[in-house]
Amino acid sequence: MRKVALAAPLLAAALLVSATGCGNDAADKPAGKTKITIATFGDFGYQALYKEYMTANPNIEVVERVTKTEDHHKNLVTHLATNTGSSDIEAIEEGWIGQFTSQPAKFNNWMDFGGAEVKSQWPDWKWKAATANNGTVLGLGTDVGGMAMCYRKDLFEKAGLPGDREAVSKLWPTWDDYIATGVKFNAAKLPGTGFFDGPQVIYRSILGQQPIGIYDGEKVVVETNPGVKKAWDQTIKAMQLGLSAKIEA
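The sequence shown lines up with residues 714 to 962 when you count with the numbering used here.
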């Protein structure tokens, strides 16, 4: 098993959306109860909230389905395309949301379920992130957080890099500097380590900082958007330099 020097970004920003006409209806409902399925990735930490909600609403059973980030979003794409199989509520990481705001007809509009009454609880930019061009609000933000970097202090110090977080924060003001730091880390040749987990998170992190991503509204702009090319080129460069531990997201 590979150990990882976790100089890897954590994208702490997601939304909860509700897909239309894709669930598993009555076959999933236990007698006398309504089952609500929620599909997430990683650990959202909602277990206590589920229990609290079910205690307050004994006629409802909440079931969480958890998969890996990449698999979760690919599954949702398939479910929407085939109009079957999605959970009642789906989590979407912000880096993926543009792919879904381009097909608003596939989702329930939160504005039809009291969205206007709670809109003030979110910053405008967070609300707009899940709003399609036609005004449909696909989901509600679960959190408002920036990108964080986690790293192994002990391994950094063994590689001759600073371990103090203030010093580490000054190592990479740019993604090019991040990659250069990874090269220095790899030069120490510490057994069983990688500078970051895998290419998916790095690519989405770089892309997420661009003014426009894969979608500009409902239009796919992959081929013409320099921000997409920048994210791709820097990710490929990092992979070619051997910085990845090749762990799937």
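Cβ atoms here follow ideal geometry from the backbone N, Cα and C, with glycine treated the same way.
The beta carbon of residue 873 lies closer than 7 Å to those of 901 in the same chain, with the five residues before and after it left out.
Residue 907 and residue 958 do touch by the CB rule: their CB atoms are close to 3 Å apart, below 8 Å. It is roughly 8 Å from the alpha-carbon of residue 896 to the alpha-carbon of residue 955. In the structure shown, residue 857 adopts coil according to DSSP, grouped into three states. The Cβ-Cβ distance between residue 857 and residue 823 does not fall below 9 Å. With contact defined as three or more Cβ pairs closer than 8 Å, the segment 872 to 886 and the segment 919 to 934 are not in contact. In the DSSP annotation of this structure, the continuous segment of the alpha helix (DSSP H) that includes residue 831 starts and ends at 828 to 831. For residue 753, the enclosing beta strand (DSSP E) has its first and last residue at 747 to 754. Under DSSP, residue 957 takes part in a beta bridge, and its partners are 909. Selection 961, 953, 728 and 960 evaluated against residue 838 yields 728 as nearest (Cα-Cα).
For residue 731, same chain residues with a beta-carbon under 6 Å away, outside a window of 5 residues either side, are 802 and 821 in chain order.
DSSP lists no bridge partner for residue 920. Taking residue 791 as the centre and dropping the five residues before and after it, the same chain places the C-beta of 798 closer than 8 Å to its C-beta, in chain order. Shown here, residue 777 sits in a strand according to DSSP, grouped into three states. Counting only runs of 3+ residues, the beta strand (DSSP E) found wholly inside the segment 842 to 899 occupies 852 to 854 and 860 to 863, in chain order. For residue 790, the enclosing alpha helix (DSSP H) has its first and last residue at 782 to 795.
Nearest neighbour of residue 832 by Cα position, chosen from 815, 749, 850 and 793, turns out to be 850. In the structure shown, residue 943 adopts helical secondary structure according to DSSP, grouped into three states.
Check the Cα spacing between residue 917 and each of 779, 884, 811 and 829: the tightest is with 811.
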